[in-house]
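Structure record follows, encoded as structure tokens.
2 protein chains.
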Amino acid sequence: MTSEREASGKHDRILEGAMQEFLQRGYAGTSMDRVASTAGVSKATIYSHFGDKEGLFKALVQQFAQSKLGPIQRQQPLTGEPEQVLREFAQTLIDETGSDPDHLALVRLMIGESSRFPQLAQTFLRHFLKPGLEVISEYLKEQPQLQIDDPEATARVFVGGLIHYVMVDKIIEGGEVVPLRRDRIIEAAIALLLS
Amino acid sequence: MTSEREASGKHDRILEGAMQEFLQRGYAGTSMDRVASTAGVSKATIYSHFGDKEGLFKALVQQFAQSKLGPIQRQQPLTGEPEQVLREFAQTLIDETGSDPDHLALVRLMIGESSRFPQLAQTFLRHFLKPGLEVISEYLKEQPQLQIDDPEATARVFVGGLIHYVMVDKIIEGGEVVPLRRDRIIEAAIALLLS
DNA sequence: GTCTATACACTGATAGAC
DNA sequence: GTCTATCAGTGTATAGAC
Numbered sequence: 003m004t005s006e007r008e009a010s011g012k013h014d015r016i017l018e019g020a021m022q023e024f025l026q027r028g029y030a031g032t033s034m035d036r037v038a039s040t041a042g043v044s045k046a047t048i049y050s051h052f053g054d055k056e057g058l059f060k061a062l063v064q065q066f067a068q069s070k071l072g073p074i075q076r077q078q079p080l081t082g083e084p085e086q087v088l089r090e091f092a093q094t095l096i097d098e099t100g101s102d103p104d105h106l107a108l109v110r111l112m113i114g115e116s117s118r119f120p121q122l123a124q125t126f127l128r129h130f131l132k133p134g135l136e137v138i139s140e141y142l143k144e145q146p147q148l149q150i151d152d153p154e155a156t157a158r159v160f161v162g163g164l165i166h167y168v169m170v171d172k173i174i175e176g177g178e179v180v181p182l183r184r185d186r187i188i189e190a191a192i193a194l195l196l197s
Numbered sequence: 003m004t005s006e007r008e009a010s011g012k013h014d015r016i017l018e019g020a021m022q023e024f025l026q027r028g029y030a031g032t033s034m035d036r037v038a039s040t041a042g043v044s045k046a047t048i049y050s051h052f053g054d055k056e057g058l059f060k061a062l063v064q065q066f067a068q069s070k071l072g073p074i075q076r077q078q079p080l081t082g083e084p085e086q087v088l089r090e091f092a093q094t095l096i097d098e099t100g101s102d103p104d105h106l107a108l109v110r111l112m113i114g115e116s117s118r119f120p121q122l123a124q125t126f127l128r129h130f131l132k133p134g135l136e137v138i139s140e141y142l143k144e145q146p147q148l149q150i151d152d153p154e155a156t157a158r159v160f161v162g163g164l165i166h167y168v169m170v171d172k173i174i175e176g177g178e179v180v181p182l183r184r185d186r187i188i189e190a191a192i193a194l195l196l197s
């Protein structure tokens, strides 16, 4: 039916336009006028689809979290030599989260609004952080020669150290204040686990 | 002079009121009307002191960064047994940054606005992150028996892992999604450095 | 320096025509 | 379902009195 196709088209165009605006200007900084203009629809159409500004925002972030699987989430269980497995995992994590401008902007937004939209932060963690922690944690459990007492906590330090690097370097662009090349943090993190 | 004393009093009251509002509502979510009301002055007074909203915001964050020294920044160079030194450092970092609501709110704000106010993020890193990295980095350099090839990068993984824990648990309150007790992350981080 | 009063644009949201 | 037109309220910022 024509009405269904058109409705769905507008629905998605609104979400795309809203995404651009929210990622660039933040929640409070985004106006519904501008979202309407960017999406090429009238404000009334937005309100009929999403109720209000908060409804639009929540719909948008959930859609993002569900559409874009985390780079780690789609990974199979890890197998192979620890040094190579860990290096590839670390490189993938840093490169894929650090080179996607939309992802970086979403992290900024999610953290900035986490006190006003706590569910969004939780959705984000469930989709992006938790799967990566689990896959590394499982791998460490299967490597008794590494002598790791607490694989879950160790995975958290390992992944956390890498994510913190991306946050400082890419999300808040603090690379000038505490400069450090990508490969040095990767090798240091691996060395800690292997020694 | 009376005029000086009074001007200074209002100046500080405005900064304090603005701090409350910005930390709670974000930059765009804060209105100058509300700042004026919270500070107990008129809007015109704020504009005469700080020019515009952006000027007020910048003055505020710089004042915060300069007044509150990071818990690590005021520390002397570390000395003693590695296990005890590292444990105390980690506990201090997690407890002091994780239990100060203003500090947590400032991190949320700083990250959320980092693309629109990059200097604020840099100021923050210079005052809070860099000193901690340096003190740990220096300590690791003086412990050859730990066999750490790259003390700076290793310090970054160690500190980053701890800060990431605080960010997930306290800043975005994701403790339910990826629960982990404070002591487990501390012991896991220490074990990585000692093994 | 500080206030009151106000200018003037823009905000989120809706009514009513089609 | 979608639009145009519009509402009441609030936003930043300033003029002018004291």
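Protein chains in written order, with this note's numbering: chain Y, 3 to 197; chain E, 3 to 197.
Where is the CB? At the ideal position from N, CA and C, for every residue including glycine.
{"Query": "Taking the beta carbon of E:E144 as the centre, do at least 16 other beta carbons fall within 10 Å, making it buried, or is it exposed?", "Result": "exposed"}
{"Query": "Please report the Cβ distance between Y:R128 and E:L182, rounded to the nearest whole angstrom; I am assuming they are in contact, meaning their Cβ atoms lie under 8 Å.", "Result": "That belief does not hold up - the Cβ atoms of Y:R128 and E:L182 are roughly 15 Å apart, past 8 Å."}
{"Query": "According to a CB-to-CB cut-off of less than 7 Å, which residues of the stretch 7-30 of chain E neighbour chain Y?", "Result": "G28, A30"}
{"Query": "Are the CB atoms of Y:K55 and Y:M21 within a distance shorter than 7 Å?", "Result": "no"}
{"Query": "Looking at Y:I174 and E:I113, is the spacing between their C-beta atoms short of 7 Å?", "Result": "yes"}
{"Query": "Under three-state DSSP, which class holds E:E178?", "Result": "coil"}
{"Query": "Please go through the stretch 27-67 of chain Y and give each complete beta strand (DSSP E) segment of 3 or more residues, from N-terminal end onward.", "Result": "none"}
{"Query": "Take the Cβ of Y:T32 as the centre, count every other Cβ of all protein chains shown within 10 Å, and call the residue buried at 16 or more, exposed below.", "Result": "buried"}
{"Query": "Is there at least one Cβ from chain Y nearer than 7 Å to E:P129's Cβ?", "Result": "In the sequence under discussion, the amino acid at residue 129 of chain E is His, which differs from the Pro named in the question. False, the Cβ-Cβ gap to chain Y never drops below 7 Å."}
{"Query": "Could you check where the alpha helix (DSSP H) with E:Q124 kicks off and where it finishes?", "Result": "120-126"}
{"Query": "Would a check of beta-carbon distances place E:I113 closer than 7 Å to chain Y?", "Result": "yes"}
{"Query": "Using a Cβ cut-off of 7 Å (strictly closer), state whether Y:P146 contacts chain E.", "Result": "no"}
{"Query": "Measure the alpha-carbon distance for Y:A193 versus Y:F91 and round it to whole angstroms.", "Result": "14 Å"}
{"Query": "Below 7 Å between beta carbons: does that hold for Y:G177 and Y:D185?", "Result": "no"}
{"Query": "Are the C-beta atoms of E:G42 and some chain Y residue less than 7 Å apart?", "Result": "no"}
{"Query": "Check for me: the alpha helix (DSSP H) holding E:K172 runs from which residue to which?", "Result": "Per DSSP, E:K172 belongs to no alpha helix (DSSP H) and is neither H nor E."}
{"Query": "Where does E:A46 land, buried or exposed, given buried means 16+ other C-beta within 10 angstroms?", "Result": "exposed"}
{"Query": "With a Cβ-Cβ cutoff of 7 Å, do E:T125 and E:A67 count as a contact?", "Result": "yes"}
{"Query": "Would you call the CB atoms of Y:I165 and E:A155 closer than 7 Å?", "Result": "no"}
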